[in-house]
Amino acid sequence: MVLVCVLLHAARVQGQTPASLPGHIEVAIAGEWSGALSFSSLDALETDRNGQPYRLFATESELRPTLGVGAKLGIVLTNRFQIETALSFSSPELVVSIASDVENAEDVSIAETIRQLHVQVGLVANLTASSRNIPFVTAGAGYLRELHEGQTLAVDGRSLFLGGGLKHVLKSDPDSSLKGAGVRVDGRVVLRREGVAFDDSWRLAPGLSAALFLRF
Amino acid sequence: MRAGMRRPSLCVVLTVVLVIAQAAPARAYLKLGVPVNGKPIELMWKETPVRYYVTDHGVPNVDPNQFQGALSRAFAKWQAVPTASITYQFAGFTGGMPGEDDGWSTIGFLDEPDLDRVLASTSFLVDVATGELLESDIFFNAAFQWSTVASGQAEHFDLETIALHEIGHLSGLGHSALGETTLLEAGRRVTATEAVMFPIAFPAGTTSNRTLQPDDIAGISDIYPDAGVNEKTGSVSGTVTKNGVGLFGSHVVAFNPTTGTLIGNFALTESGAFSIAGLSPGAYVIRAEPLDDADVDSFFDREVPPDLDFRVTFYKKLVVVPRGGDSGSIQITVVKK
Numbered sequence: 029m030v031l032v033c034v035l036l037h038a039a040r041v042q043g044q045t046p047a048s049l050p051g052h053i054e055v056a057i058a059g060e061w062s063g064a065l066s067f068s069s070l071d072a073l074e075t076d077r078n079g080q081p082y083r084l085f086a087t088e089s090e091l092r093p094t095l096g097v098g099a100k101l102g103i104v105l106t107n108r109f110q111i112e113t114a115l116s117f118s119s120p121e122l123v124v125s126i127a128s129d130v131e132n133a134e135d136v137s138i139a140e141t142i143r144q145l146h147v148q149v150g151l152v153a154n155l156t157a158s159s160r161n162i163p164f165v166t167a168g169a170g171y172l173r174e175l176h177e178g179q180t181l182a183v184d185g186r187s188l189f190l191g192g193g194l195k196h197v198l199k200s201d202p203d204s205s206l207k208g209a210g211v212r213v214d215g216r217v218v219l220r221r222e223g224v225a226f227d228d229s230w231r232l233a234p235g236l237s238a239a240l241f242l243r244f
Numbered sequence: 130m131r132a133g134m135r136r137p138s139l140c141v142v143l144t145v146v147l148v149i150a151q152a153a154p155a156r157a158y159l160k161l162g163v164p165v166n167g168k169p170i171e172l173m174w175k176e177t178p179v180r181y182y183v184t185d186h187g188v189p190n191v192d193p194n195q196f197q198g199a200l201s202r203a204f205a206k207w208q209a210v211p212t213a214s215i216t217y218q219f220a221g222f223t224g225g226m227p228g229e230d231d232g233w234s235t236i237g238f239l240d241e242p243d244l245d246r247v248l249a250s251t252s253f254l255v256d257v258a259t260g261e262l263l264e265s266d267i268f269f270n271a272a273f274q275w276s277t278v279a280s281g282q283a284e285h286f287d288l289e290t291i292a293l294h295e296i297g298h299l300s301g302l303g304h305s306a307l308g309e310t311t312l313l314e315a316g317r318r319v320t321a322t323e324a325v326m327f328p329i330a331f332p333a334g335t336t337s338n339r340t341l342q343p344d345d346i347a348g349i350s351d352i353y354p355d356a357g358v359n360e361k362t363g364s365v366s367g368t369v370t371k372n373g374v375g376l377f378g379s380h381v382v383a384f385n386p387t388t389g390t391l392i393g394n395f396a397l398t399e400s401g402a403f404s405i406a407g408l409s410p411g412a413y414v415i416r417a418e419p420l421d422d423a424d425v426d427s428f429f430d431r432e433v434p435p436d437l438d439f440r441v442t443f444y445k446k447l448v449v450v451p452r453g454g455d456s457g458s459i460q461i462t463v464v465k466k
C-alpha cells in the first residue's frame, strides 16, 4: 500500500528530465551489500518413551552478510517510471551454529560458501524529474539461484523487494548518444523464501548498493 | 516352500535379539551381512513377497488372531515405505515353531525364561555364497507380558512395537545406534531414540516407537531401493580419524537442518571409513560419536573392540549431499576424551 501511494505521488509530480525520455536505456554496474539473513532454529531431536522430543543438540542458521557485484538494465517508460532488471552475484556463507549437545560436544559454528545469483525485475518511480538529484522508490520481485559449495547442488528461491534511493546526475547531454551519467545509491529490504534456507518461511534482509549508471 | 533351493552346506544361522537392557552378543550391522572370502555380503531376500507363517498359539492376553493382527500392522509399515520395494505376505497359521530349520519363515512365541533380558529374537538361514535370505524366524519371549491394545497396556510390552523392530531384522537390517541411554545397576535404560532399530526397547507399557523413523527408512531403502530412489537421494562418505589414523567403530550421524531428520551409520573399517546413504539432497551437519549407548556387541562382532575413547565431534563444515551422488570423502578428526 505504501508503495502504491508513493508511486501515485510520483506520477503526479510534474516536470521532465531531458535526459530521461521514454525509450532511453539506463545501464549500471553496482557494488552491493546484503545483510544477514536469519533462518529458523531447529533442534536435532530424538523421541522419549512418552513420545516427547528429546534434544540431541540445537542449531541456529543464518546467511552471513556479504558483498557482491551487480548490473542493472533499465528502460525508461515515462519521465517518471522506469522498468529495471538487475542481476547480482555474491558468495555469502551459510553458517549453522551448534550448541547444547547432549553429550557435551563443543559448541561450534560450521559453514559452507554459497554462490548466489539473484535476478530481479522491478519498477522504479522517480519522485522528481527535473533535479540533478533524483530520489526514487522501487519495488519488484526476483528469482534466486543458489549453488552449494562444491557446485554439486543448486536450489531455487524467490524474493520480493521494496526500496528507494537517490540518483545523482553527473552529466546530461540529450544531444549525445550518451544521454547522461551519474551515480546511484539504493537501500532496500528483501523478502526471500526457499533457496538455501532451511524452511519455507519468508525472511527479511536489508541490502545496500552503490552504482555508476550510464543512460543511452 | 523354498526348501528345494537351499544348499545346507553353504547355509549359516544368524541371530539378532532385541533386549530390554544390555544386549547379548549378536552378529549385526546396520545392514546384516556375512563374510565371504573376507568380504561382507549383504543379507537380503531375493524373492518377494517374503512369505511368513504365524504360530497358531498365543499367550495370555494375546490370542493368535490378535498376534497376527499386530504382526500385519507392523509388516504393513515396512511395506509402505515409498522408497523401498520389499513386500510381505501372510502365508497362514502353522503348528510349527520359530527356530526350526524347515524353510518356513515362522513367527511365534517361545517360553524362554532364562533369556530374562531378551524380548524377541530373529534368526536367519542364509546362503553364504550369495547373501540370500532363505528363511527368517522371529520368536517373542513368552516369559514377558505382551499386549496388542492400541493405546498400550501398563506392565505389558507392545507387540506391534517389538514386531516392527524384529521385522527390520527379518528384512536384513541390523541395529541402529540412534538412541541415548542411562547406565543403571540393572542395565541400560533408554532415554530416547530416533530409530525403531535401536537395540534396546523402551520399558513395558510404551507404544511411542511404533513409527518407522528416517534412519529405518534409509536402511530398508538401501537394501531394497525402489526404482529411481538412488537417483533422487545421495550419500555422505568419509573417514573418522584420531591421532592421524582411522578410528574403528564410531557412529556417524547426518542431521538435515531442513527436515530435522537424523540418519546414521558406522565406521567399520580399519581406515574409519563410513557411508550414509538414502539422504535427501541438501546441506547436512555431520556428527561422530562413540558407541557408548548400548553394548557394542549389539552392533557387530569383532575381536578388536571399537574405539570409544573420543569426544563427540561435529565435522568442521556443512556437507552438501547432491542428488544421485556422493558428498565426496570428508575426514572427521576426533580427539581423545
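Protein chains in written order, with this note's numbering: chain G, 29 to 244; chain Y, 130 to 466.
Cβ coordinates follow ideal geometry from the N, Cα and C atoms, glycine included.
1. Under the assumption that residue 140 of chain G contacts residue 177 of chain G (Cβ atoms under 8 Å), give the Cβ distance between them as a whole number of angstroms.
2. Would a C-beta distance cut-off of 8 Å place residue 442 of chain Y and residue 461 of chain Y closer than the cut-off?
3. Please report how far the alpha carbon of residue 188 of chain Y lies from the alpha carbon of residue 305 of chain Y, in whole angstroms.
4. So residue 411 of chain Y packs on residue 387 of chain Y, CB below 8 Å; how close in whole Å?
5. Do residue 179 of chain Y and residue 219 of chain Y have their beta-carbon atoms positioned less than 8 Å apart in this structure?
6. In chain Y, which residues lie less than 9 Å from residue 5 of chain G when you measure between Cβ atoms?
7. Hey, would you say residue 58 of chain G sits closer than 8 Å to residue 237 of chain G, going by beta carbons?
8. Name the chain G residues that come within less than 7 Å of residue 331 of chain Y, Cβ to Cβ?
9. Among the residues of its own chain, which have a CB less than 8 Å from the CB of residue 133 of chain G, if the five just before and after it don't count?
10. Whole angstroms is fine: what's the gap from residue 157 of chain Y's alpha carbon to residue 302 of chain Y's?
11. Give me the DSSP bridge partner(s) of residue 446 of chain Y.
12. Quick check on the DSSP output: the alpha helix (DSSP H) that includes residue 110 of chain G runs from which residue to which?
13. Would you kindly work out how many angstroms separate the C-alpha atoms of residue 204 of chain Y and residue 375 of chain Y, rounded to a whole number?
14. Using a Cβ-Cβ cut-off of 8 Å, state whether residue 52 of chain G counts as contacting chain A.
15. With DSSP as the reference, identify every bridge partner of residue 420 of chain Y, one or two as the case may be.
16. Rank G:143, G:142 and G:167 by C-alpha distance to the C-alpha of residue 149 of chain G and give the top, closest one.
17. In angstroms with no decimal places, state the Cα-to-Cα distance between residue 400 of chain Y and residue 445 of chain Y.
18. Can you find the residues in the same chain that come closer than 7 Å, C-beta to C-beta, to residue 338 of chain Y, ignoring five residues on each side of it along the sequence?
19. Where do the ends of the alpha helix (DSSP H) carrying residue 209 of chain Y lie?
20. Could you check whether the Cβ of residue 446 of chain Y sits closer than 8 Å to any Cβ belonging to chain G?
21. Between the segment 399-430 of chain Y and chain G, which residues of the former have CB atoms less than 8 Å from a CB of the latter, in chain order?
22. So, for residue 269 of chain Y: in the same chain, excluding its five sequence neighbours on each side, which residues have a beta-carbon less than 6 Å away from its beta-carbon?
23. If I measure Cβ to Cβ from residue 230 of chain G and keep anything under 6 Å in the same chain, skipping five residues before and after, which residues do I get?
24. Within the 8 Å Cβ cut-off, does residue 210 of chain G reach chain Y?
25. Where in the segment 270-313 of chain Y do unbroken runs of the beta strand (DSSP E), each at least 3 residues long, occur, reported from the N-terminal end onward?
26. Select from G:165, G:110 and G:95 the residue whose C-alpha is nearest the C-alpha of residue 61 of chain G.
27. Listed from N- to C-terminal order along the chain, which residues in the segment 106-133 of chain G have their beta-carbon within a distance smaller than 9 Å of any beta-carbon of chain Y?
28. At the 8 Å Cβ level, is residue 461 of chain Y part of the contact set with chain G, yes or no?
29. How about residue 364 of chain Y and residue 415 of chain Y: are their beta carbons less than 8 Å apart?
30. Mind checking which residues open and close the alpha helix (DSSP H) that includes residue 218 of chain G?
31. Classify residue 244 of chain G: buried if its beta carbon has 16 or more other beta carbons within 10 angstroms, exposed otherwise.
32. If you count every other CB in all the chains shown that lies within 10 Å of the CB of residue 117 of chain G, and 16 or more means buried, which is it?
33. Would you call the segment 348-355 of chain Y and the segment 105-119 of chain G touching, i.e. three or more CB-CB distances under 8 Å?
34. Between the beta-carbon of residue 381 of chain Y and the beta-carbon of residue 394 of chain Y, is there less than 8 Å?
35. What three-state label does DSSP hand residue 360 of chain Y in the structure shown?
36. List, from N- to C-terminal side, the beta strand (DSSP E) runs of 3 residues or more that fit wholly inside the segment 54-115 of chain G.
Checking against the coordinates, here is how it stands:
1. Start at 1 with the first residue of the first sequence, and residue 140 of chain G comes out as number 112. Start at 1 with the first residue of the first sequence, and residue 177 of chain G comes out as number 149. The pair is a contact, with the Cβ atoms about 4 Å apart (cut-off 8 Å).
2. Against the second sequence, residue 442 of chain Y aligns to sequence position 313. Against the second sequence, residue 461 of chain Y aligns to sequence position 332. Contact flag set, yes.
3. Looking up residue 188 of chain Y in the second sequence gives position 59. Looking up residue 305 of chain Y in the second sequence gives position 176. Between residue 188 of chain Y and residue 305 of chain Y, the C-alpha separation is close to 29 Å.
4. Position 282 of the second sequence, counted from the start, is the residue given in the question as residue 411 of chain Y. Position 258 of the second sequence, counted from the start, is the residue given in the question as residue 387 of chain Y. That belief holds up - the Cβ atoms of residue 411 of chain Y and residue 387 of chain Y are roughly 5 Å apart, short of 8 Å.
5. Counted from its first residue, the second sequence places residue 219 of chain Y at position 90. Counted from its first residue, the second sequence places residue 179 of chain Y at position 50. Result no, Cβ atoms of residue 219 of chain Y and residue 179 of chain Y do not sit closer than 8 Å.
6. With chain G covering 29 to 244 only, the question about residue 5 of chain G has no answer from this structure.
7. Translated into positions along the first sequence, residue 58 of chain G becomes position 30. Translated into positions along the first sequence, residue 237 of chain G becomes position 209. With contacts defined as CB atoms closer than 8 Å, residue 58 of chain G and residue 237 of chain G qualify as a contacting pair.
8. If you number the second sequence from 1, residue 331 of chain Y lands on position 202. Close to residue 331 of chain Y, with beta-carbon spacing below 7 Å, are these residues of chain G in chain order: 77.
9. In the first sequence, residue 133 of chain G corresponds to position 105, counting from 1. Within the same chain, residue 133 of chain G has close Cβ partners 85 and 126.
10. Stepping through the second sequence from its first residue, residue 157 of chain Y is reached at position 28. Stepping through the second sequence from its first residue, residue 302 of chain Y is reached at position 173. Reliability fails at residue 157 of chain Y, whose pLDDT of 30 lies under 50, so the model's placement of it is uncertain and the value that follows must be treated cautiously. Going by the C-alpha atoms only, they are around 8 Å apart.
11. One-based indexing of the second sequence puts residue 446 of chain Y at position 317. Residue 446 of chain Y is bridged to G:139.
12. Residue numbering aside, residue 110 of chain G sits at position 82 when the first sequence is read from its first letter. No alpha helix (DSSP H) holds residue 110 of chain G; the beta strand (DSSP E) holding it covers 109-118.
13. In the second sequence, the residue the question calls residue 204 of chain Y occupies position 75. In the second sequence, the residue the question calls residue 375 of chain Y occupies position 246. Computed Cα separation, rounded: 39 Å.
14. Reference to chain A is not applicable here, since the protein chains of this structure are G and Y.
15. As a working note, residue 420 of chain Y is residue 291 in the second sequence. Its beta-bridge partners do not exist; DSSP assigns none.
16. Locating residue 149 of chain G in the first sequence gives position 121, where the first residue counts as 1. Cα-wise, what sits closest to residue 149 of chain G is G:167.
17. The count along the second sequence starts at 1 and reaches residue 400 of chain Y at position 271. The count along the second sequence starts at 1 and reaches residue 445 of chain Y at position 316. For residue 400 of chain Y and residue 445 of chain Y, the distance between alpha carbons rounds to 19 Å.
18. Residue 338 of chain Y sits at position 209 when you count from the first residue of the second sequence. Closer than 7 Å at Cβ, skipping near neighbours: 290, 322, 325 and 331.
19. The residue given as residue 209 of chain Y occupies position 80 in the second sequence. Per DSSP, residue 209 of chain Y lies in no alpha helix (DSSP H) and is assigned neither H nor E.
20. Within the second sequence, numbered from 1, the residue matching residue 446 of chain Y stands at position 317. Output row for residue 446 of chain Y: interface = yes.
21. 410, 411, 412, 414, 416 and 418
22. Looking up residue 269 of chain Y in the second sequence gives position 140. Counting only Cβ-Cβ distances below 6 Å, and skipping sequence neighbours, we find 238 and 249.
23. Residue numbering aside, residue 230 of chain G sits at position 202 when the first sequence is read from its first letter. Within the same chain, residue 230 of chain G has close Cβ partners 219 and 221.
24. On the first sequence, residue 210 of chain G is found 182 positions in, with the first residue counted as 1. No, residue 210 of chain G does not count as interfacial toward chain Y.
25. 308-313
26. Within the first sequence, residue 61 of chain G is the residue found at index 33, counting from 1. It is G:95 whose Cα lies nearest to the Cα of residue 61 of chain G.
27. 122, 123, 124, 126, 129, 130, 131, 132 and 133
28. The residue you call residue 461 of chain Y lines up with position 332 of the second sequence. Not one beta carbon of chain G lies nearer than 8 Å to the beta carbon of residue 461 of chain Y.
29. For the purposes of this step, residue 364 of chain Y is taken as the residue at position 235 of the second sequence. For the purposes of this step, residue 415 of chain Y is taken as the residue at position 286 of the second sequence. Not a contact, by the Cβ cut-off of 8 Å.
30. Working through the first sequence from its first residue, we reach residue 218 of chain G at position 190. Note, residue 218 of chain G: premise wrong, no alpha helix (DSSP H); beta strand (DSSP E) at 208-222.
31. As a working mapping, residue 244 of chain G is identified with position 216 in the first sequence. Its Cβ having fewer than 16 others within 10 Å, residue 244 of chain G is exposed.
32. Taking the first sequence and counting its residues from 1, one reaches residue 117 of chain G at position 89. Result: exposed.
33. With the cut-off at 8 Å, the segment 348-355 of chain Y and the segment 105-119 of chain G do not touch.
34. One-based indexing of the second sequence puts residue 381 of chain Y at position 252. One-based indexing of the second sequence puts residue 394 of chain Y at position 265. Cβ distance < 8 Å, so residue 381 of chain Y and residue 394 of chain Y count as in contact.
35. Numbered from its first residue, the second sequence carries residue 360 of chain Y at position 231. Residue state, collapsed to three classes: helix.
36. 65-76, 81-91 and 94-104
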